[in-house]
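Enquirer:
Protein chains in written order, with the working numbering: chain E, 1 to 359; chain U, 360 to 718; chain C, 719 to 1077; chain X, 1078 to 1436.
(1) Would you decide whether residue 799(C) is buried or exposed? Buried here means 16 or more other CB atoms lie within 10 Å of its CB.
(2) Using 10 angstroms around the beta-carbon of residue 718(U), count the other beta-carbons present and answer buried if the total reaches 16, otherwise exposed.
(3) Helix, strand or coil: how does DSSP classify residue 719(U) here?
(4) Which bits of chain C does residue 303(E) rub up against, with CB to CB less than 8 Å?
(5) For a cutoff of 8 Å on Cβ pairs, would you count residue 163(E) as touching chain C?
(6) Report the neighbours of residue 118(E) on chain U: residues whose CB is nearer than 8 Å to its CB, in chain order.
(7) To which residues of the same chain is residue 972(C) closer than 7 Å at the C-beta, ignoring the five residues directly before and after it?
(8) Pick helix, strand or coil for residue 1393(X), following the three-state DSSP scheme.
(9) Using a 10 Å radius around the Cβ and a threshold of 16 neighbouring Cβ atoms, would you call residue 444(U) buried or exposed?
(10) So, does the segment 1264 to 1273 of chain X touch the segment 1408 to 1428 of chain X, judging by three or more C-beta pairs under 8 Å?
(11) Where are the alpha helix (DSSP H) runs, 4 residues long or more, that stay fully inside the segment 1183 to 1214 of chain X, in chain order?
(12) Who are residue 1045(C)'s beta bridge partners in DSSP?
(13) Kindly indicate if chain C contains any beta-carbon less than 8 Å away from that of residue 1161(X).
(14) Please work out which residues of its chain come closer than 8 Å, Cβ to Cβ, to residue 429(E), disregarding the five sequence neighbours upstream and downstream, and give them in chain order.
(15) Going by DSSP, which residues form a beta bridge with residue 894(C)?
(16) Can you pull out the residues from the segment 494 to 517 of chain U whose beta carbon lies closer than 7 Å to at least one beta carbon of chain X?
(17) Just curious, the alpha helix (DSSP H) that residue 666(U) is in, first and last residue?
(18) Using 10 angstroms around the beta-carbon of residue 1378(X), count the other beta-carbons present and answer buried if the total reaches 16, otherwise exposed.
(19) Under 8 Å by Cβ, that's how I've got residue 782(C) and residue 1356(X) pegged, so tell me the actual separation to the nearest angstrom.
(20) Tell me the DSSP secondary structure of residue 614(U) in three-state form.
(21) Quick one: does residue 1041(C) have its CB under 8 Å from some CB of chain E?
(22) How many Å lie between residue 572(U) and residue 578(U) at the Cα?
(23) According to DSSP, simplified to helix, strand and coil, what is residue 20(E)?
(24) In angstroms, rounded to a whole number, what distance separates the CA positions of residue 90(E) and residue 77(E)?
(25) Roughly how many angstroms separate the alpha carbons of residue 915(C) and residue 297(E), rounded to a whole number?
(26) For residue 62(E) and residue 1230(X), what's the separation of their Cα atoms in angstroms?
(27) Per DSSP, which residues does residue 75(E) bridge with? Please list them.
(28) Using a Cβ-Cβ cut-off of 6 Å (strictly less than) and excluding sequence neighbours within five positions of residue 758(C), which residues of its own chain qualify?
(29) Between residue 1078(X) and chain U, is there a C-beta pair that is closer than 8 Å?
(30) Who are the Cβ neighbours of residue 1119(X) in its own chain at under 7 Å, not counting the five residues just before and after it?
(31) Contact criterion: CB-CB distance below 8 Å. Does residue 827(C) meet it with respect to chain E?
(32) Return no unless some Cβ of chain C is closer than 8 Å to the Cβ of residue 345(E).
(33) When you compare each of 693(U), 533(U), 672(U) to residue 623(U) by their alpha carbons, which one comes out closest?
(34) Distance, Cα to Cα, residue 345(E) vs residue 1043(C)?
(35) Going by C-alpha to C-alpha distance, which of 1046(C), 1041(C), 820(C), 810(C) sits closest to residue 1032(C)?
(36) Can you determine whether any heavy atom of the ligand MN sits closer than 7 Å to the C-beta of residue 773(C), and answer yes or no?
Pasting the structure below:
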């Protein structure tokens, strides 16, 4: 093995640089050259790249983001081209493959989430040798117990809950925190447990606002005149609920930022009489330096990816299985998302320490 | 001196508990009893209170919020009463004074910002012996160089800028951060300097979006394909500017959360072609545990407040003057807010290190 | 089940309070009373205890230490008694059992490490119904993949490495950091990976100082005029090595700081000519508030412990198995410590990213 | 003005890079070239330097240490030379001046503490045009109210106190923390206030151990079975005290850790019967990224230094006076250190909130 390529795709995530550093250092150990493509698959299509040597990765272990840049729109099979003021789409996958061939790459390591790996899967079907590394803040990727960046996001969300707690208690308010998680409630659930939330609303357990109100009132009756509600951005009310309508149709004011979080907040204020405030954590969750945990996991993934390449296990993705590093076929990974089991141990633990899921 | 009262009013602020702890410990040293009123002046009106002894303040030095609770609506001179489903307002200041007299208080220490101290001022005019302690996240209170809580808010806002920086750089985006500061841009300015922002928009310097765009494009030309914009919530465009109109009248979507920050973001995206995201820091700025700096300042204020009471200097507020603790008349403090001098050294420093104010 | 007891034994550890909170809340859900014994088994011997209701555990989720107090000396089977100025030891285990019976406890939950659980095991052999919860900063307890507190210690140690890094680089120095780990190098290894250390010395891999010197000189030759060495307190040189002698017998200067860390530092200074400094992290590793990760794990353990009690699975310890909560016999746990596999994936990963183990 | 030089001398300090960044950006604004000498005055003697353009300072605002390197031994007037295995000293100041002239520098900005500025002062007397920027972790430099790096050190020390607090309380121990401050107790005093220490021992107030013991016993009598003692490394017992002798001559056990901190700890254990532990914070205090406060102060100093140069105010040092940036003659600064006034407001505040100084 003489030369490998690497790219980072999709939303940025703390730990991407730690993966790159581990790949470059491990490759260097085996006298393998590394080509880094800029801005995800976009860089392969346009042949934007740089040589990555141990020098380029000095000091990046603790840095958030990715030195390669990323892109979460540009699929080579459906590549956006602005031409004469119009947006067109074209399949430039062959052009991308040509670039890979020009570089005489033995393998391409693709660090990305569901979207990026699906794209990688399409290239695999066209014969490209690819190794995957799982990346998603939301931790909703199948085939691995954990993705790096997730625990850093939990730290940030938990810290936010703590900050909101002091205001909630001092002012006798309901504080709503909207966190990431369009399809899976992992961040909301785990940060809710760590931060001592009172209610956690996640996509996997459609909620009923009346139940949330009941929880808030139970707390009030016990002299706890405030509540913390953590809402995953993908949380949604139960079908057919009257409350649903109110949320969907007529919240008092138009809401842009803070989708479901803002809606829940305005309804709860109306329903309980408590002053209610919403905070949308947004991009703060994916920024900043990775936690120690994520730097370790990311480093392990990077080393393992090169190892898989050396073993010729193309089409596989590194994976955390328990506390061991293993590998799974990318083809399996992209089939479905990993969501929170509504009756699993983690949800039961949350319930036992007093967290309501609004049901 | 046998007995003093204390209350915390207005929005909560890291360091309130440290002030309370210092007051109670200092009073105890002088065998003075302390009565703590709940929820600001509301507690005086309703005679809601608790005895504060050294035991009550154990462990609160590092806790955010206020163990007394606060309220930012209930002015005794214009007290809101819900009656028969209607909201009425009444002057209950005499009832409040009666409660102070019943407790045989030698003095009332009022910890609060502009609103709370204005209310304190009205009580002073009616003969109540009051000592003030300045409190405002925004640092816009006159008569003191600094208020506790402000540096903790700077820490939080600076940390947010750092987090946004990694995403901005990885994705070649403009990231807009809206911070507190309705009337004064102290947080935006200082966090902007500390976090390495590219543009800072503050109420004291009405901005022109074209200038912001120019800064972003200058950066782009130097190969810096991202920018960080920090916007105080009270920032506003220059009068008469065409851009102003667009902001005020027709931003593409209705915006609720993220007032000016969201507007600036949507306009910048349209004007520059850069993907743009807005984050509203909101309540995260006033929550959480106070920084070391704020615990020290708050402790000094608490000790000084009791000292002022012992010296009979009623009507005065503790104040930081340079690095010394002094005192100023509350009557002076409530006259006007302290805003950022548009041509002061801090703004000039910001300019010298490359920050644009959009003018 | 009507009433259970709980105690925390051994060195304190971030997350103990989170376990207690989860136990009390879960017990309360099942109408089970909880008796908390003070200062580990000492409180059982002396019948020092308090009732633990949900009220007692409010706000302790994020607090380090243990509200019950702990003790790492007082084994009821060999209880230290000061009498007439002399220290005697007596077997007071029957007295302890009598107290447990007086409280009519259905079960005793013992949260502790190797020492405390060994003691619990002796009580189990005498017929006491005990559920164990694993606790050790060092993560060297068998039967569980992870113990709470460990990841918080990693965070602290990693943060220390980062701090030392800036000084090392600015002053062209070798910085030695001594961390916990008398028998196992988990903290040194994982913090070393997360912090970007150059050398990691652990008990499981006896080191040769000449190899450490070689690593430092290789770095120097590549223009890296500084190195970071992380040393577990239980690290030791290879037998028979000449260098060993020098460490043991006659380091050039009297060693002021630390055990093995200080010795390694003075030898390295003499052998390389680099200015060398040592920092002993000590108790900072076990203090402070638990990380989000540890609060979640601790909460899961607490809930699971009550669950095991309800299921009558006495003699078992809660355990993390992969990412699932399981249970193992305490009898198995106390047989041997869990140490770092010298040829395991984690060590190999560390090597691949450039860490030397001094061999 | 066409070209200026800059160097960083003495122990590293969070904020040095922020000063450099501000100097380079401000100089660039005025089309002034910047030459950075490596490793303090050593780089001037050996003519080791690099060009500093805005490109070199990208991203360094938040980085601890100094990209120029530092040295705290090499005084050009007494320069150490290793020759034929022997150490000699020579006055190479003229050689240094020659290098400055070769670069045609209009001015040299010297960022350093007492030692470095004394050296700068000697160059000033030989006609070199120098502007000073104050730097010391200890904050003991005259002529300025504050030096950057100090508040970051306070943050680190305060955090350490908090961590020790949980162990102290859980185990009923005395925890001793030794912090920096050879000549001045600023760090111990301010971190002690911020962290809620019980005893603070500083160089300016020679202590009596019996008084420390009394404080610990008073706490014990109030049910507080632990104490936190913060000791500045330069703290010393009162002359003639019997206790002094015992500290100096014969502590009961060989002291393993630290200087005065370890001695105080072993004596206190013997005198009180409480288990006692010592932690030496050491280099952790000067490492890591600067706090927001220090980045702002450092940026202001950097801008102001170039401003002084442009105004031709050579021989002056930038200075924080209250909250304004001013300038003082370096000749004045190096005359004496700034120590804690033993009867000043800060010490009195500490006393009022219950801190004993051991007198």
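Every residue gets a Cβ at the ideal spot worked out from N, C-alpha and C, and that includes glycine.
Expert: Answer, in terms of the structure:
(1) exposed
(2) exposed
(3) There is no way to answer for residue 719(U), as the model of chain U reaches only from 360 to 718.
(4) 1066, 1067, 1070, 1071
(5) no
(6) The contacting residues do not exist; residue 118(E) stays about 20 Å from chain U at best.
(7) Its pLDDT being 36, under 50, residue 972(C) is placed unreliably by the model, and the measurement read from it follows with that caveat. Within the same chain, residue 972(C) has no close Cβ partners at all.
(8) strand
(9) exposed
(10) yes
(11) 1191 to 1202
(12) 1036(C)
(13) no
(14) Since the first residue of chain E shown is 1 and the last is 359, residue 429(E) is not available in this structure.
(15) 947(C), 996(C)
(16) 504, 510, 513, 514, 517
(17) 651 to 669
(18) buried
(19) That pair is no contact at about 15 Å.
(20) Below a pLDDT of 50, predicted positions are generally treated as unreliable, and residue 614(U), at 37, falls in that range; the measurement from the model is reported next regardless. Note: residue 614(U) maps to coil in three-state DSSP.
(21) yes
(22) 10 Å
(23) helix
(24) 7 Å
(25) 16 Å
(26) 21 Å
(27) 78(E)
(28) 725, 727, 788, 789
(29) no
(30) 1148, 1151
(31) no
(32) yes
(33) 533(U)
(34) 8 Å
(35) 1046(C)
(36) Judged by which ligands are present, the structure shown has none, so any question about the ligand MN falls away.
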